[in-house]
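Student: Structure incoming, see below.
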């Protein structure tokens with residue numbers, strides 16, 4: 014089944030690896046923050062760095078701590094979690110960054126679990142090293158990740174689950190941009206990232222790629238051109254190294270200010286499906302349309318080595334609601350949530366709506382420093398885990414053809430907020446031989462589909478107290494010589510309220526149902542949380 018072995022106990026090799034990774038991440042943030050100190054007094058007023066330490070205590074009673082199958086294997090007990098953390102937000106003349114880290118110590122009253130530690134990190138930012146020329150993007154994520162799409166899915170990181178492992182991804186991306194002779198724009202970027210998992214059944218991944226672009230205008234005012242080149246090397250600890258190169262040119266023509274069309278053509282080479290590099294032509298077409306300032310529609314379709322690839326998107330913002338849809342098909346070398354920071358989280362779903370509502374509120378300037386702070390504060394008051402992934406994924410040891418579809422809707426009333434998200438992800442193996450250790454090879458599966466829906470209703474009982482009810486369902490299906498299927502349903506209600514000037518508390522009830530042919534389980538839990546921000 015590819016369920017692997019749960020780690021993250023905080024001892025031995027895993028603890029050393031975690032400490033080394035965190036030291037690198039924290040040291041890098043400190044260097045970036047230090048680099049913003051300017052000798053120019055004129056820049057001092059632009060500096061804004063907010064540091065907020067916190068500590069969170071969570072007590073969970075669960076009737077199935079280890080997510081065991083059958084009534085005889087279930088063991089109920091208490092899970093105590095103590096999580097000191099820190100959040101740093103930097104908005105200076107040269108640095109825009111966000112850093113949030115927590116170390117979770119977990120203690121179990123049951124015989125199935127002993128004390129352990131888990132790390133949680135979400136950081137991203139941009140450093141302007143040389144004014145208007147040299148920049149550095151960086152990001153880091155540490156989170157719990159499902160190893161197999163068909164193994165037990167965890168309702169919480171505190172449950173003991175052999176199908177879950179701590180996974181960390183760090184990314185550094187220096188780049189330059191400027192103009193040649195004042196008429197041609199150029200950019201050159203290098204991306205390096207590493208993803209490591211604490212489970213022997215999971216593959217570590219390292220990516221290294223270059224991308225460059227030159228673009229400019231023509232004697233025809235509405236016609237513009239660009240030439241792009243990319244080179245990527247993907248290395249897997251339990252798979253083989255793959256290389257990919259691409260060179261293509263694009264032209265765009267603006268018919269009216271709100272509508273433009275685009276064409277592209279070129280070649281690409283890779284060894285995803287064979288030992289040797291294979292070269293294929295590519296060509297595509299699309300458009301971008303912004304009929305109003307609240308509406309954006311984009312579509313692009315192209316012929317690739319795997320068939321037709323595409324990226325479609327639509328978003329519209331109503332006065333008190335928003336809707337967005339995206340549909341992409343491309344080659345993926347990492348799971349969705351580790352490809353870009355913040356992809357598919359509850360925070361991403363709420364942020365556009367609350368940013369707009371803050372901009373329309375006349376009281377915002379007197380209560381908040383900026384619209385961004387206002388939006389984050391209003392979302393935090395909902396009592397919903399903002400870093401929770403709306404869509405889940407699984408670890409893999411190869412590049413795959415991935416199609417991802419997502420429909421998100423948010424509705425805001427005077428006291429109620431309703432969000433609905435539908436998602437569908439399909440991953441297809443490109444390897445002609447099963448020489449890697451992941452769901453595709455272990456289960457003789459050529460394609461894995463995941464689809465789900467998440468509905469959340471939040472009601473403001475008073476100016477300080479919020480009640481939220483959430484229901485989610487996800488189904489994973491494998492196609493191949495062994496047809497596998499697994500379903501996960503979770504229902505949760507949460508009541509949150511401030512307990513003091515810097516203290517908040519919440520109480521939740523949860524039920525999880527996991528159905529599969531090998532290890533189904535059910536779990537009921539009551540969770541109480543107290544958090545203090547210093």
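Residue numbers (the numbering used here): 14 to 547. Glycine included, every Cβ here is placed at the ideal spot set by N, Cα and C.
1. With a Cβ-Cβ cutoff of 8 Å, do residue 160 and residue 178 count as a contact?
2. So, is residue 428 buried or exposed, given that buried needs 16 or more other C-beta atoms within 10 angstroms?
3. Could you check the C-alpha separation between residue 546 and residue 96 for me, to the nearest Å?
4. How big is the Cα-Cα spacing for residue 209 and residue 408?
5. What residues in its chain sit with their C-beta under 7 Å from that of residue 353, if we drop five residues either side in the sequence?
6. Can you give the beta carbon distance from residue 435 to residue 166, rounded, assuming they're within the 8 Å contact cut?
7. Considering only C-alpha positions, which residue in the set 176, 169, 170, 172 is nearest to residue 163?
8. Within the same chain, show all residues whose beta-carbon is closer than 6 Å to that of residue 585, passing over the 5 residues directly before and after it, in chain order.
9. Specify the secondary structure class of residue 442 as computed by DSSP and reduced to three states.
10. Are the beta-carbon atoms belonging to residue 171 and residue 156 less than 8 Å from one another?
11. Roughly how many angstroms lie between the CA atoms of residue 340 and residue 438, to the nearest whole one?
12. Identify which residue in 90, 292, 113 has its Cα closest to the Cα of residue 100.
13. Do residue 345 and residue 412 have their CB atoms nearer than 8 Å?
14. Would you tell me roughly how many angstroms separate the C-alpha atoms of residue 244 and residue 226, rounded to the nearest one?
15. Hey, residue 90 and residue 123 are a contact pair by Cβ (cut 8 Å); roughly how many whole angstroms apart?
16. Look at the alpha carbon of residue 501 and the alpha carbon of residue 190, and state the distance between them as a whole number of angstroms.
17. Between the beta-carbon of residue 261 and the beta-carbon of residue 277, is there less than 8 Å?
18. Out of 65, 487, 86, which one is the CA nearest neighbour of residue 534?
19. Whether or not the stretch 280–287 and the stretch 299–308 are in contact is what I'm after, with contact meaning three or more pairs of Cβ atoms, one per stretch, closer than 8 Å; do they touch?
20. Does the beta-carbon of residue 173 have 16 or more other beta-carbons within 10 angstroms, so that it is buried, or is it exposed?
21. So, for residue 259: in the same chain, excluding its five sequence neighbours on each side, which residues have a beta-carbon less than 6 Å away from its beta-carbon?
22. In the DSSP assignment, what residue or residues form a beta bridge with residue 437?
23. Going by DSSP, what residue range makes up the alpha helix (DSSP H) through residue 377?
24. Helix, strand or coil: which one does DSSP assign to residue 370?
25. Judging by CA-CA distance, which residue of 129, 319, 465 is the nearest neighbour of residue 433?
26. Distance check for residue 127 and residue 139, CA to CA, integer angstroms please.
27. For residue 485, count the other beta carbons within 10 Å of its own beta carbon; 16 or more makes it buried, fewer makes it exposed. Which is it?
28. Could you tell me if residue 291 is buried or exposed, where buried requires 16 or more neighbouring beta carbons within 10 angstroms of its beta carbon?
29. With the cut-off set at 8 Å, would you say residue 205 and residue 230 are in Cβ contact?
30. Under the three-state reduction of DSSP, which class applies to residue 29: helix, strand or coil?
31. Could you spell out where the alpha helix (DSSP H) holding residue 84 opens and where it closes?
32. Once the 5 residues before and after residue 503 are set aside, which same chain residues still bring their CB inside 6 Å of it?
33. Sorted by chain position, which residues of the same chain lie with C-beta nearer than 6 Å to residue 217's C-beta, five sequence neighbours on each side aside?
Tutor: Let me lay it out:
1. yes
2. exposed
3. 12 Å
4. 10 Å
5. Caution is warranted here: a pLDDT of 39 is assigned to residue 353, below 50, making its placement in the model unreliable, and no coordinate value can be reported.
6. No, residue 435 and residue 166 are not in contact; Cβ-Cβ is about 18 Å, not under 8 Å.
7. 176
8. Within the shown structure, residues of the chain are numbered from 14 to 547, placing residue 585 beyond reach of any answer.
9. strand
10. no
11. 10 Å
12. 113
13. yes
14. 12 Å
15. 4 Å
16. 46 Å
17. yes
18. 86
19. no
20. buried
21. 243, 281
22. 418, 464
23. 377–380
24. helix
25. 465
26. 40 Å
27. buried
28. exposed
29. no
30. In this prediction, residue 29 scores a pLDDT of 46, lower than 50, which makes its location untrustworthy; the coordinate-derived value is nonetheless stated afterwards. Helix, per DSSP.
31. 83–86
32. 168, 485, 525
33. 209, 250
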